[in-house]
Amino acid sequence: MEIIGYGGLFISMGVTIGQFLKNYGILNLKYKRLEQLQVSTPQQLVDEIEKELQQNLVASNLSFIRKNQVFIEGVISSNHLVKSILVQGLEVLYSLFYQKELFTRREYSKNAFFPLLLPESEKKFVKIASNLFLKDYESPQVCDIQKKPNTNIQAALVLLQMKANFVKRGIFSNIMHSIIDFTKLLLTITYLKFNYLRKKGTHEGTLDVEMGLKNNSLVTIFGDIIYDVRNKKLVMENPLYILKDKEQLLKLLQKRLMQRRIFILILSIPFLIGGFMFLKKLIEVVQKYIQIKRDKLITHLREKMDLIAQDKNIGDNQKCNICYSNLRNIILKPCLHMCLCYSCLKRIKKQECPICKAEIISYIELFLK
Numbered sequence: 001m002e003i004i005g006y007g008g009l010f011i012s013m014g015v016t017i018g019q020f021l022k023n024y025g026i027l028n029l030k031y032k033r034l035e036q037l038q039v040s041t042p043q044q045l046v047d048e049i050e051k052e053l054q055q056n057l058v059a060s061n062l063s064f065i066r067k068n069q070v071f072i073e074g075v076i077s078s079n080h081l082v083k084s085i086l087v088q089g090l091e092v093l094y095s096l097f098y099q100k101e102l103f104t105r106r107e108y109s110k111n112a113f114f115p116l117l118l119p120e121s122e123k124k125f126v127k128i129a130s131n132l133f134l135k136d137y138e139s140p141q142v143c144d145i146q147k148k149p150n151t152n153i154q155a156a157l158v159l160l161q162m163k164a165n166f167v168k169r170g171i172f173s174n175i176m177h178s179i180i181d182f183t184k185l186l187l188t189i190t191y192l193k194f195n196y197l198r199k200k201g202t203h204e205g206t207l208d209v210e211m212g213l214k215n216n217s218l219v220t221i222f223g224d225i226i227y228d229v230r231n232k233k234l235v236m237e238n239p240l241y242i243l244k245d246k247e248q249l250l251k252l253l254q255k256r257l258m259q260r261r262i263f264i265l266i267l268s269i270p271f272l273i274g275g276f277m278f279l280k281k282l283i284e285v286v287q288k289y290i291q292i293k294r295d296k297l298i299t300h301l302r303e304k305m306d307l308i309a310q311d312k313n314i315g316d317n318q319k320c321n322i323c324y325s326n327l328r329n330i331i332l333k334p335c336l337h338m339c340l341c342y343s344c345l346k347r348i349k350k351q352e353c354p355i356c357k358a359e360i361i362s363y364i365e366l367f368l369k
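For the sequence shown, the UniProt record's numbering assigns the number 1 to the initial residue and increments by one for each residue that follows.
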């Protein structure tokens, strides 16, 4: 049973390590291929595609699909979502992004006892659908809220915005209005604390937090592109990565490769231990099997040798008492001793039995096979 357990551990670890090695090889090939790819602007990509189309003489009303995945570098803009050196009328990567304000106003019910505190901001941010976290492009306010999402920061942001509104409208000139607004501020902060504990997230009337890219940020997108030859339109559908630059993706792949190496190294330890114990038990079982077979063979040979010796003793007892070469085949009368062969009976001078010395009157010859 032990050898079965060690064998199962050895095989399972081997299969797991083999799968990790396979994934590591695929990821390593992907890293090497991406390392060789060049980052292109939309205009460079369009010029390259147009050149290929002219060489291949493709009809102008067809769409050209880039078989190999490419990197495209563009600029995020509040007016044009992706902007670069483009051909006149060329739209690039519009389907990747959509605009949304960082600070938004929420509509409250008419019975709400506190006012809308945050004004609409003029700053535009773009939300991205990416599986990669872009810390370099986050707003400082967004970073603070994401890193320290507690009621004190929420209340402090509201308080600062309220003070700015008070100063802007000159409310401090009226003491009564200041007291009323200050009371509303306390009620709002109290509401935010309870609302934060209840919802554990973004609060109505404060901030609608959303991570995104700054205006005019440079971004690199990786994926398959489709170029509409007739409409002069370049589109990337289902992008795989949206990055700061190409090096960010290479660093991510390097990190994953390092993780694979660590996993393989960790799994190789029980694999080697299980393999050593399995081989040790296997050698013990084989040696035990060989020893059993050897003992059986020795026992069998000893039995054969005993039978041969027994047959030899029986043959010696049946030999002639005179020549010791021929078998006894003469029965002497009247003593009935069988101790001579026919040849020796004819040669002896005294016709008497060699055993009892009785006179031989007659004899009976036996024919033995």
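From the three backbone atoms N, C-alpha and C, an ideal C-beta is built for every residue, glycine too.
For residue i: DSSP bridge partner residues
| i | result |
| --- | --- |
| L34 | None; L34 has no bridge partner. |
| L327 | K319 |
| T16 | BP columns for T16 are empty, so no partner. |
| I11 | According to DSSP, which records beta bridges pairwise, I11 is partnered with nothing at all. |
| K333 | S362 |
| E352 | E359 |
Where the beta strand (DSSP E) containing residue i begins and where it ends
| i | result |
| --- | --- |
| Y342 | Careful: Y342 lies outside any beta strand (DSSP E), inside the alpha helix (DSSP H) at Y342 to R347. |
| E365 | S362 to E365 |
Cutoff 8 Å; reference residue i; Cβ partners in own chain excluding five residues on either side
| i | result |
| --- | --- |
| I361 | K333 and P334 |
| K346 | none |
| V15 | none |
| L267 | M13, T16, I17 and F20 |
| Y31 | L250, L253, Q254 and L257 |
| K304 | none |
8 Å Cβ cutoff met for residue i and residue j
| i | j | result |
| --- | --- | --- |
| N329 | E352 | no |
| L27 | L252 | no |
| F20 | F263 | yes |
| L234 | L29 | no |
| I17 | F271 | yes |
| L250 | L34 | yes |
| V39 | K281 | no |
7 Å CB neighbourhood of residue i in its chain, flanking five on each side removed
| i | result |
| --- | --- |
| C341 | C320, C323, N326, L327, R328, N329 and I330 |
| N23 | R260 |
| H337 | C353, I355 and C356 |
| E359 | Q351 and E352 |
| G7 | F278 |
| Q318 | L327 and R328 |
| L300 | Correcting the residue type first, residue 300 is His in the shown sequence and not Leu. Nothing meets the Cβ criterion. |
Own chain, CB closer than 6 Å to residue i, minus 5 neighbours either side, in chain order
| i | result |
| --- | --- |
| G275 | F10 |
| S12 | none |
| F367 | none |
| K349 | none |
Residue i Cβ short of 7 Å to the ligand MN heavy atom set
| i | result |
| --- | --- |
| R230 | The ligand MN is absent from the structure shown, which contains no ligands of any kind. |
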